[in-house]
């Protein structure tokens, strides 16, 4: 039994290390009294806590005890002055509260919490700001038009700013963006990471127009073309390979609409890669067959084995096993 306890303790210690490391990726702030740490999880992975909450937007704010204290639930909350933001206990997380921005200003949030058989309190201050300007762009290029595969989520690069130039945070469906045609209007939500639309089930054009003044010359509207896989294409592979070194090739998906313009396709794809010329190149771990995940952002890593032409086959398993052949020269060391 002692061996079981030892293994269990080791697992708990490992979990604690992982949680401590994860804390570094959060936007966090120690309370005024040093009893509670307030934190939230920004959608853009920022660790900056003091960005203003946008009027009309909401945020899930977590509370955890400092040192040996623990927070099991929030007992009482108070906002001074009232009206800047509202606060309520999360229905899903008893150690978290929901902040909702109501009007521009700054207010102090005081909380009393319970945990570990004791009650204790702490406080912190939040700013709320009106959205004065916004940036709107496609995530895969600076063009006014871009394509997205039918059945996949669409995310646009959309950032909101206060009149003072601060980037604001929070999630809302009232983003100041209008969509047409009418049957797609009212869809989507925005947060600090962008404007998110659920997958479209049919191909076709969608116009996204901002009603907010543009920030730093940003566009007021974007064209979104929802496409099927049969019109997907790729540009020439970008990147250089070298003998004895692992390099990256960027495979940039594009589409060619009927009117002849080339549009980028803003999808990161799952790819099955087969090296057709193992004498000149291999996968980064020396393999002939390997996968490229969407998190790799359409980038294939290859190790140059000898000078010559490196040729690979790329199959898209999520798109009916469509196949493309790419090549790149392996340069001599």
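Numbering (this note's numbering), first residue to last: 114 to 446. We treat Cβ as the ideally placed atom computed from N, Cα and C, and that holds for glycine.
Residue i in three-state terms, based on DSSP
| i | result |
| --- | --- |
| residue 327 | strand |
| residue 342 | helix |
| residue 377 | strand |
| residue 316 | coil |
| residue 427 | strand |
| residue 414 | strand |
| residue 434 | coil |
| residue 263 | coil |
| residue 180 | coil |
| residue 195 | coil |
| residue 126 | Per-residue confidence for residue 126 stands at a pLDDT of 39, beneath the threshold of 50, marking its modelled position as unreliable; the derived number appears in the next sentence. Helix. |
| residue 409 | helix |
| residue 168 | coil |
| residue 146 | coil |
| residue 296 | helix |
| residue 402 | strand |
| residue 131 | Only weak support exists for where residue 131 lies, its pLDDT of 40 falling under 50; the value from the coordinates is given anyway. Three-state DSSP puts residue 131 in a helix. |
| residue 274 | strand |
| residue 151 | strand |
| residue 161 | coil |
Residue i versus the options, residue with shortest Cα-Cα distance
| i | options | result |
| --- | --- | --- |
| residue 220 | 443, 418 and 238 | 238 |
| residue 208 | 287, 152 and 260 | 152 |
| residue 210 | 171, 257 and 179 | 171 |
| residue 150 | 182, 198 and 296 | 182 |
| residue 159 | 216, 140, 276 and 422 | 140 |
| residue 318 | 309, 293, 303 and 312 | 293 |
| residue 306 | 157, 352 and 144 | 157 |
| residue 196 | 216, 203 and 323 | 216 |
| residue 218 | 200, 228 and 165 | 165 |
| residue 329 | 249, 361 and 406 | 249 |
| residue 227 | 194, 336 and 177 | 177 |
| residue 169 | 241, 204, 357 and 145 | 241 |
| residue 406 | 385, 349 and 400 | 385 |
Per-residue burial, residue i [other beta carbons within 10 Å of its own, 16 or more giving buried]
| i | result |
| --- | --- |
| residue 445 | exposed |
| residue 148 | buried |
| residue 275 | buried |
| residue 375 | exposed |
| residue 135 | With a pLDDT of only 44 at residue 135, under the threshold of 50, the placement of this residue in the model should not be trusted, and no figure is reported. |
| residue 377 | buried |
| residue 438 | exposed |
| residue 201 | exposed |
| residue 402 | exposed |
| residue 312 | exposed |
| residue 427 | buried |
| residue 273 | buried |
| residue 163 | exposed |
| residue 434 | exposed |
According to DSSP, residues forming a beta bridge with residue i
| i | result |
| --- | --- |
| residue 304 | 307 |
| residue 422 | 442 |
| residue 366 | 347 |
| residue 355 | 444 |
| residue 394 | 417 |
| residue 231 | 228 |
| residue 291 | 322 |
| residue 388 | 425 |
| residue 258 | 336 |
| residue 213 | 171 and 199 |
Min CB distance residue i to chain C below 8 Å
| i | result |
| --- | --- |
| residue 401 | Among the protein chains of the structure shown there is no chain C, as only one such chain exists. |
Check your understanding: Is it true that the stretch 282–291 meets the stretch 363–382, where meeting means three or more beta-carbon pairs spaced less than 8 Å apart?
Key -> No, the stretch 282–291 is not in contact with the stretch 363–382.
**Study point:** At least 3 beta-carbon pairs within less than 8 Å: the stretch 262–271 vs the stretch 334–347
**Key:** Yes, they touch.
Review point. Does the stretch 414–423 come close enough to the stretch 345–356 to have 3 or more Cβ pairs within less than 8 Å?
Key: The stretch 414–423 is in contact with the stretch 345–356.
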